[in-house]
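According to full-length UniProt numbering, the sequence shown holds residues 1 to 172 in order.
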Amino acid sequence: MTHQKLDITELLIRLESAIGNIIITRKLENPLMIGIRTGGVWIAERLHQRLGLTEPLGLLDITFYRDDFSQIGVHPNVKPSALPNTIEGRDIILVDDVFYTGRTIRAALNEIFDYGRPNQVVLAVLIERDGRQIPLRPDCIGTTIQLDANQRIKLTGPDPLDIHIQTLDAAA
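In structure tokens form, the structure reads like this:
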């Protein structure tokens, strides 16, 4: 397996700028930032602080909302979501590390709507990669990349936070 490294600091700066712009253009009022476990939470923790958001950071574990849950079974690292009692009418910034097929975001939206109907949801991702299977698209992106079928993105963290593109050997 070979690794290609991405500059996470540069990607976070780009994503922070994009979110800052969308807060202004879409007139987000006292937005609630929610990170999707695990990598999305690591990204959201940094962005939340850098953007100076006042609402506590929300944490979302979408394990039980996945459309492949019955196929993968119970995941041993399921952690509870931590969201405000109501998100009815709230402006939400949903954060994940990698946008790939769109299935994670679909599951996250389903869980969020179980808590109430937000005013609007802005989707922010560190990396958008090719392979979308559901008609969703991020609003804010650190970078967009295309990968070969034998490549994947690996985020490690939380401290230090780092990101790599892994190429799986054909013989593996």
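Beta carbons: idealized from backbone N, C-alpha and C, even for Gly.
- Contact between isoleucine 153 and isoleucine 165 holds, with the beta-carbon distance rounding to 6 Å and staying under 8 Å.
- DSSP places glutamine 166 inside the beta strand (DSSP E), whose first and last residues are 162 to 167.
- A direct Cα-to-Cα measurement between leucine 155 and asparagine 119 gives close to 31 Å.
- Assignment of aspartate 114 by DSSP, reduced to helix, strand and coil, places it in the helix class.
- For leucine 28, same chain residues with a beta-carbon under 8 Å away, outside a window of 5 residues either side, are Ile22, Asp91, Ile93, Gln120 and Val122 in chain order.
- The C-alpha of isoleucine 112 lies about 31 Å from the C-alpha of aspartate 7.
- According to the DSSP assignment, leucine 123 belongs to the beta strand (DSSP E) that extends over 120 to 129.
- By the beta-carbon neighbour count (other beta carbons within 10 angstroms, threshold 16), alanine 149 is exposed.
- Comparing C-alpha distances from leucine 15 to each of Pro160, Leu83, Asp61 and Val98 shows the shortest one belongs to Val98.
- Going by DSSP, arginine 152 is part of the beta strand (DSSP E) stretching over 151 to 156.
- Less than 8 Å divides the Cβ of isoleucine 36 from the Cβ of isoleucine 62.
- Within the same chain, Cβ atoms closer than 8 Å to the Cβ of glutamate 55 are found at Asn30, Pro31, Leu32, Met33 and Pro84, the five residues on either side in sequence being excluded.
- In the DSSP assignment, leucine 15 falls within the alpha helix (DSSP H) that extends over 8 to 25.
- Here serine 81 is buried: its Cβ has 16 or more other Cβ atoms, across all protein chains shown, within 10 Å.
- By the Cβ-count criterion, threonine 86 is exposed, with fewer than 16 other Cβ atoms from all chains shown falling within 10 Å of its own Cβ.
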